[in-house]
């Protein structure tokens, strides 16, 4: 039995009769960059997240970059974040001329550990950039408490957390601003690149709207040097169709995760913990196993696809070797990256596939 981590072809087949008219609408209106379709998506997604503003952008990386700039991050500033994330989180800090300062993770959740933030703060620290890793909300109350004490800004990287809730509030509405990626593999994915910034702050939103379009505040009126970070009409049209399904898709992901937990109970592995006060949306279902590469190989022989999120923490990537952070600097993040393995998880998984995957994992890793 073949089991894929993700099945975008099946998803398109399900949505085709809604997607094609939406794309046709963009063509008929010739609204290919920004325009009415993007404005409609911005309103719908802001309403979904519970924020005053949503600014549609060309990618999640663009959203991170503009979000940091909007919060005042400049050259020689420092931004505190997690090493257990995709490189773009740190890259956006670097784009601003600032320096990423990493703190280790909470091993129970794989998210940034708020208890370690304070010791990393220096006079150059401007902001904290938590990531809701795997779709599991970071401990935002504790992070905000530190930020308030030290007069720091908080930018929420919700690229993996569409529809997640923390203490009843949606991801994207938990900080000075939130950023999302709509890369095709995300829980809410475009048919290409896309991103968004959400905020209740008028000044942040106005800056992002101008900065995404070469610093324009009116046509051919450029108040500052900006960027070409505009969302395409086609992507907004696709996202509007998918947004209507996001509640149902999220519920199905959560149902599958519960079933995995039940079927894998007692196996020789670990699963990051969920806080019952919050709502994880399971962008990935990650298990921690010993001898991960051997497990990957054995699952592949049974035609079960897996992915590693992430094989190496950011501070050990060659791109950030200049920071001079050797192995052992953040031992908990490093251990997570050595053992993490993402199992197939998407709304189209059948009960038979879920049972097949869980049975195979148990047979390979053994019992505790």
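In the numbering used here, the protein residues as written are 5 to 372.
Where is the CB? At the ideal position from N, CA and C, for every residue including glycine.
Note that the coordinates shown come from a computational prediction; the quantities given were computed from them, not determined experimentally.
Partner residues in the beta bridge of residue 183, as assigned by DSSP, are 161 and 201. For residue 220, the enclosing beta strand (DSSP E) begins and ends at 220-222. Taking C-beta separations shorter than 6 Å and ignoring five residues to either side along the sequence, the partners of residue 204 in its chain run 55 and 56, following chain order. Annotation: the segment 245-294 contains the following complete segments of the alpha helix (DSSP H) (minimum length 4 residues), in chain order: 250-268.
Under the three-state reduction of DSSP, residue 371 is assigned to strand.
When only Cα atoms are considered, residue 117 and residue 284 end up about 17 Å apart.
Going by DSSP, residue 64 is part of the alpha helix (DSSP H) stretching over 64-74. For the options 80, 272, 213 and 158, the alpha carbon positioned closest to that of residue 364 is the one of 272. In this model, residue 19 and residue 275 are separated by some 32 Å (Cα to Cα). According to the DSSP secondary-structure assignment, residue 82 is paired through a beta bridge with 103 and 129. Under the DSSP definition of a beta bridge, residue 77 lacks any partner.
Under a 10 Å Cβ-count criterion, residue 227 is classified as exposed, with fewer than 16 other Cβ atoms of the shown protein chains found around its own Cβ. For secondary structure counted as the alpha helix (DSSP H) over 4 or more consecutive residues, the segment 295-352 holds these complete runs in sequence order: 296-305 and 335-343.
With contacts defined by Cβ atoms closer than 8 Å, residue 59 and residue 237 do not form a contacting pair. Taking the Cβ atoms as the reference, residue 171 lies roughly 25 Å from residue 206, outside the contact range of under 8 Å. With a cutoff of 8 Å on beta-carbon distance, residue 176 and residue 239 are scored as not near each other. A distance of 8 Å or more separates the beta carbons of residue 114 and residue 139.
Per DSSP, residue 137 lies in no alpha helix (DSSP H) and is assigned neither H nor E. Contact between residue 81 and residue 102 holds: CB atoms are separated by about 4 Å, below the 8 Å threshold.
Per DSSP, residue 59 lies in no alpha helix (DSSP H) segment; the continuous beta strand (DSSP E) that holds it begins and ends at 57-61. Here residue 312 really is in contact with residue 344; their C-beta atoms are around 6 Å apart, less than 8 Å.
Taken atom to atom, the span from the alpha-carbon of residue 358 to that of residue 84 is near 38 Å. As a beta-bridge residue in DSSP terms, residue 234 pairs with 61. The segment 237-256 and the segment 180-198 touch, with three or more beta-carbon pairs separated by less than 8 Å. With distances taken between CA atoms, residue 270 lies nearest to 371 out of 233, 371 and 326. Taking C-beta atoms as the reference points, residue 68 and residue 35 fail to come closer than 8 Å.
Of the other Cβ atoms in all chains shown, fewer than 16 fall within 10 Å of the Cβ of residue 225; this residue is therefore exposed. Distance between residue 215 and residue 209, taken at the CA atoms: about 10 Å.
Counting other Cβ atoms within 10 Å of its Cβ, residue 190 reaches 16 or more and is therefore classed as buried. One Cα belongs to residue 347, the other to residue 64, and the distance between them is close to 24 Å. Take the alpha-carbon of residue 162 and the one of residue 184: they are about 5 Å apart. Under the three-state reduction of DSSP output, residue 116 falls in the strand class. Residue pairing by DSSP places residue 170 opposite 173 in a beta bridge.
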